[in-house]
Amino acid sequence: MKDRICEFECNIDDMTAEELAFAAERLMEEGAKDVTLTPVQMKKGRPATLLTVMCSDEEAEKERFVRLIFKYTTTIGIRELISERYILERREEILDTVYGTVRCKRVSGYGTDRYKLEYEDLARIAREHGISIAEARELVAGSLK
Numbered sequence: 352m353k354d355r356i357c358e359f360e361c362n363i364d365d366m367t368a369e370e371l372a373f374a375a376e377r378l379m380e381e382g383a384k385d386v387t388l389t390p391v392q393m394k395k396g397r398p399a400t401l402l403t404v405m406c407s408d409e410e411a412e413k414e415r416f417v418r419l420i421f422k423y424t425t426t427i428g429i430r431e432l433i434s435e436r437y438i439l440e441r442r443e444e445i446l447d448t449v450y451g452t453v454r455c456k457r458v459s460g461y462g463t464d465r466y467k468l469e470y471e472d473l474a475r476i477a478r479e480h481g482i483s484i485a486e487a488r489e490l491v492a493g494s495l496k
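Spelled out as structure tokens, the structure:
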């Protein structure tokens, strides 16, 4: 399966780590498909952060995210890149296990079929049983067979 995606990028050298984390969190809450923060080096050796925001390439959605990026960051310019991407078919399932319900993300396509158990559900099981996330994952995966 293929789709088109818009990536907005901007270099930011005048925001704290906390401010950048808040901006990334808000952009994800607003429906960005992904937000990444990458350390980069700008002219004169200044450390900075490259903010990348992925969203739909529909004009209204792009305009909305441009406004949000300007609202939550100090950037004065945003680069736009339009890309095509290959994606796997995604679906979410709710599994009933002896440890309670666990959300599971399944993906398939291009000869691939795999799943990932939801972190928050594994963390709940780990806390309840006093075990690690890895052990909780093994318990749940073992109960699925």
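Okay, so the sequence shown: first residue is 352 according to our numbering, each after it adds one.
The C-beta atom is built at its ideal place from N, Cα and C for all residues, glycine as well.
Just so we're clear, the structure is a prediction, and the values are computed from it rather than from any experiment.
(1) Give me the DSSP bridge partner(s) of residue 466.
(2) What would DSSP say about residue 519, mapped onto helix, strand or coil?
(3) Tell me whether residue 405 is buried or exposed, calling it buried when 16 or more other Cβ atoms sit within 10 Å of its Cβ.
(4) Helix, strand or coil for residue 422 per DSSP?
(5) Does the region 456-468 come within contact of the region 428-436, defined as at least 3 CB pairs closer than 8 Å?
(6) By alpha-carbon positions, which one of 448, 449, 450 and 454 ends up nearest to residue 442?
(7) Specify the secondary structure class of residue 355 as computed by DSSP and reduced to three states.
(8) In or out: residue 387 buried (at least 16 other Cβ within 10 Å) or exposed?
(9) Hey, how far is the Cα of residue 389 from the Cα of residue 375?
(10) On the criterion of 16 or more Cβ atoms from any shown chain inside 10 Å, does residue 470 qualify as buried, or is it exposed?
On the basis of the supplied data:
(1) Against the sequence shown, residue 466 aligns to sequence position 115. In DSSP, residue 466 forms a bridge with 457.
(2) Any question about residue 519 goes unanswered here, given that the chain covers just 352 to 496.
(3) As a position in the sequence shown, residue 405 is number 54, starting the count at 1. Under this definition residue 405 is a buried residue.
(4) Locating residue 422 in the sequence shown gives position 71, counting from the first residue. DSSP places residue 422 in helix when its eight states are reduced to three.
(5) no
(6) As a working note, residue 442 is residue 91 in the sequence shown. For the set 448, 449, 450 and 454, the Cα lying nearest the Cα of residue 442 is the one of 454.
(7) Taking the first residue of the sequence shown as 1, we reach residue 355 at position 4. If DSSP states are grouped into helix, strand and coil, residue 355 belongs with the strands.
(8) To locate residue 387, count along the sequence shown from 1; it is residue 36. Counting other Cβ atoms within 10 Å of its Cβ, residue 387 stays below 16 and is therefore classed as exposed.
(9) Taking the sequence shown and counting its residues from 1, the one referred to as residue 389 is at position 38. Taking the sequence shown and counting its residues from 1, the one referred to as residue 375 is at position 24. The alpha-carbon atoms of residue 389 and residue 375 are separated by roughly 12 Å.
(10) Residue numbering aside, residue 470 sits at position 119 when the sequence shown is read from its first letter. Residue 470 is exposed by the Cβ-count criterion.
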